[in-house]
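If you're matching them up, the sequences are chains A and B in order.
Going by this note's numbering, the first sequence opens with residue 658, and the numbers climb by one from there.
Going by this note's numbering, the second sequence opens with residue 40, and the numbers climb by one from there.
Glycine included, each C-beta is placed from N, C-alpha and C at the ideal position.
As the structure is a computational prediction, the values presented were derived from the model and not from experiment.
I have placed the structure first, in the form of structure tokens, so that the comments after it can refer back to it.
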Amino acid sequence: AQSVAQPEDQVNVAEGNPLTVKCTYSVSGNPYLFWYVQYPNRGLQFLLKYITGDNLVKGSYGFEAEFNKSQTSFHLKKPSALVSDSALYFCAVRDIGRGSTLGRLYFGRGTQLTVWP
Amino acid sequence: SAVISQKPSRDICQRGTSLTIQCQVDSQVTMMFWYRQQPGQSLTLIATANQGSEATYESGFVIDKFPISRPNLTFSTLTVSNMSPEDSSIYLCSVEATRSYNEQFFGPGTRLTVL
């Protein structure tokens, strides 16, 4: 079964500093991994994904994530945080099995990122 | 990307009533999903709704409580039946766009409060 863990409920960082939001996963087979962001009273917005290829994936709004197979991690990073990055971030893994479960996403519990001025 | 709208955006309902949430997509999609996000929690998949077949429900969710319709490739509804305060959540629909394989796009959500 697929699962995702986000070990931190909250991450606080000063504006201009680098940020990291952690994610580890457990899958059977090759992982399809995703990061989504949720701003207050908004739906989820896609940030980036890892399917195959380079371990460093670049996404929207200057975010990137590093896939590490040996550590089964997919941490979200940004070199210089902005106050506007403050939001709820979700890591997710896709079910690549067959049949009715194909396509479903398994989400971590979310990490609230707060960037203070 | 796919643009998804949901109606209503929020509602306050009385215990025992039902609410139907609509999800409209600006392009034809094969797979649509309904998720629930309870306060302070992550997203939980309720069911997968594919056009032309009955919805597939996840463990803990049943058709009598959450009936789903998928009449065409751009539209779906989720009904929350016989509501109780425990059903207070944000309900989100999502789609997997044909041209963006493996990317799921989410609607803005419907914030439901049951009194």
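Please go through the same chain and pick out, in chain order, the residues whose beta-carbon is closer than 6 Å to the beta-carbon of residue i, but skip the five residues on each side of it.
i: T87/B; result: F72, T95
i: T83/B; result: R75
i: K734/A; result: T677, E721
With 16 as the cutoff for other CB atoms within 10 Å, does residue i come out buried or exposed?
i: D65/B; result: exposed
i: V740/A; result: exposed
i: A749/A; result: buried
i: W692/A; result: buried
i: D126/B; result: buried
i: R699/A; result: exposed
i: A658/A; result: exposed
In three-state DSSP terms, what is residue i?
i: P110/B; result: strand
i: S12/B; result: Absent from the structure is residue 12/B, since the part of chain B shown begins at 40 and ends at 154.
i: E93/B; result: coil
i: V740/A; result: helix
i: Y74/B; result: strand
i: W773/A; result: strand
i: S757/A; result: Reliability of the predicted coordinates at S757/A is poor, the pLDDT of 47 falling under 50, and the value obtained from them is presented with this limitation in mind. Three-state result, S757/A: helix.
i: Y696/A; result: coil
i: S685/A; result: coil
i: S115/B; result: strand
Excluding sequence positions up to five away, which residues of its chain have a Cβ less than 7 Å from the Cβ of residue i?
i: P147/B; result: Q45, S48
i: P664/A; result: K679
i: F17/B; result: Because chain B is modelled from 40 through 154, residue 17/B falls outside the range shown and cannot be assessed.
Residues of chain A with CB closer than 7 Å to the CB of residue i, please, in chain order.
i: L84/B; result: R761
i: G99/B; result: Correct list: empty, because the minimum Cβ distance to chain A is about 14 Å.
I want to verify the contact list: residues of chain B whose CB lies under 9 Å from the CB of residue i, in sequence order.
i: G765/A; result: S81
i: F747/A; result: S81, L82
Spatial neighbours of residue i within its chain, please: C-beta separation below 8 Å, excluding the five flanking residues on both sides.
i: D50/B; result: L58, T149, R150, L151, T152
i: G765/A; result: V661, A662, Q663, C680, F747, C748, A749
i: N674/A; result: S737, A738
Residues of chain A with CB under 8 Å from residue i, in chain order?
i: G146/B; result: G700
i: L131/B; result: G700, L701
i: T116/B; result: Residues of chain A passing the Cβ test: none, with the nearest at roughly 17 Å.
Given 7 Å as the limit, tell me if residue i has its C-beta closer than that to any heavy atom belonging to the ligand FMN.
i: L131/B; result: In terms of ligand content, the structure shown is empty, and the ligand FMN therefore cannot be addressed.
Near-chain B residues of the region 694-724 of chain A (beta-carbon distance less than 7 Å), N- to C-terminal order: R699, G700, L701, F703, K706, I708
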